[in-house]
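Peer 1:
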Amino acid sequence: MNIKGLVELTHSQGIIRRYFIVNGFDGALTMLGLILGFLFSSPTEIDNIINVCIGAAIALCVSGISSAYVSESAERKYVLNKLEQSMITDLSQTTHAHAARTVPIIIALVNGLAPFIISLFILLPLWLYKSGMTLPISPLLMSVFIAMTIIFLLGVFLSRVSGISWWKSGLRTLFVGILTAVLIFVFVGY
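Numbering (my numbering), first residue to last: 5 to 194.
As structure tokens, then:
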């Protein structure tokens with residue numbers, strides 16, 4: 005059975021979607037926080053900013069993969085054991101057992117790679133600036149703009165699930181990004 009079939013068999017589509025949104029949101033807000041922290045601090049070398057942000061992105065990725073794998077594999081084993089008990093049979097060689105082993109890996113990868121990939125997009129202006137490209141605005145400000153755009157788009161993606169309008173959902177998540185920026189400005193910017 006292919007991956008899509010295993011995900012459907014275990015009814016994990018919603019879990020995967022939630023992990024993507026939740027950890028993607030965490031990645032975007034973490035990068036936003038780090039970049040705003042650097043923006044409101046004394047000037048820092050671009051290499052140092054990139055290194056700190058990449059370190060945080062890697063930590064989010066490893067944390068996301070490991071935490072999701074540990075929790076989801078335990079949940080899948082629990083569900084498989086309950087199914088075996090109710091059917092009074094060993095299911096270790098069935099598609100259900102294969103799904104119980106495979107789906108946690110898929111969920112873990114989504115959970116870890118979402119914040120990592122989103123972080124890389126947000127850091128793109130910093131790499132472009134470092135490579136010598138002239139940008140229309142500061143690379144830090146451009147990264148803030150990209151972070152806010154991604155936060156808005158995550159809300160738009162959620163609108164498909166929740167059934168509310170895309171702009172309302174996007175504005176709701178964007179509000180969280182703006183609130184985060186205001187709090188960072190209040191506590192760090194002065």
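We put the CB at the ideal spot given by N, CA and C, even for glycine.
Starting from the Cα of Leu187, find the closest Cα among Gln17, Leu13, Phe44 and give me that residue.
Peer 2: The option with the nearest alpha carbon to Leu187 is Phe44.
Peer 1: Out of Ile110, Leu139, Ala101, Leu38, which has the shortest C-alpha to C-alpha gap to Tyr23?
Peer 2: When each option's Cα is compared against that of Tyr23, the closest is Ile110.
Peer 1: Rounded to whole angstroms, what is the Cα-Cα separation between Thr153 and Pro129?
Peer 2: Going from the Cα of Thr153 to the Cα of Pro129 covers about 14 Å.
Peer 1: Hey, Leu13 and Ala103: beta-carbon distance below 8 Å or not?
Peer 2: Their beta carbons are under 8 Å apart, which means Leu13 touches Ala103 by this criterion.
Peer 1: Which residue comes first and which comes last in the alpha helix (DSSP H) that contains Thr177?
Peer 2: It spans 170-188 - the alpha helix (DSSP H) in which Thr177 sits, taken as one unbroken run.
Peer 1: Is the distance from the Cβ of Pro119 to the Cβ of Asn27 below 8 Å?
Peer 2: Yes, they are a contact pair.
Peer 1: Assuming Met146 contacts Leu157 (C-beta within less than 8 Å), just tell me the rounded distance between them.
Peer 2: Not really, about 16 Å apart at Cβ, beyond 8 Å.
Peer 1: How would you label Arg80, buried or exposed, when you count the other beta carbons within 10 angstroms and need 16 or more for buried?
Peer 2: Classification for Arg80: buried.
Peer 1: Rounded to whole angstroms, what is the Cα-Cα separation between Cys57 and Arg176?
Peer 2: Computed Cα separation, rounded: 25 Å.
Peer 1: Is the beta carbon of Ile25 sitting closer than 8 Å to the one on Leu183?
Peer 2: Not closer than 8 Å, so no.
Peer 1: Looking only at C-alpha atoms, which of Asn52, Thr99, Leu95, Ser67 sits nearest to Val11?
Peer 2: It is Thr99.
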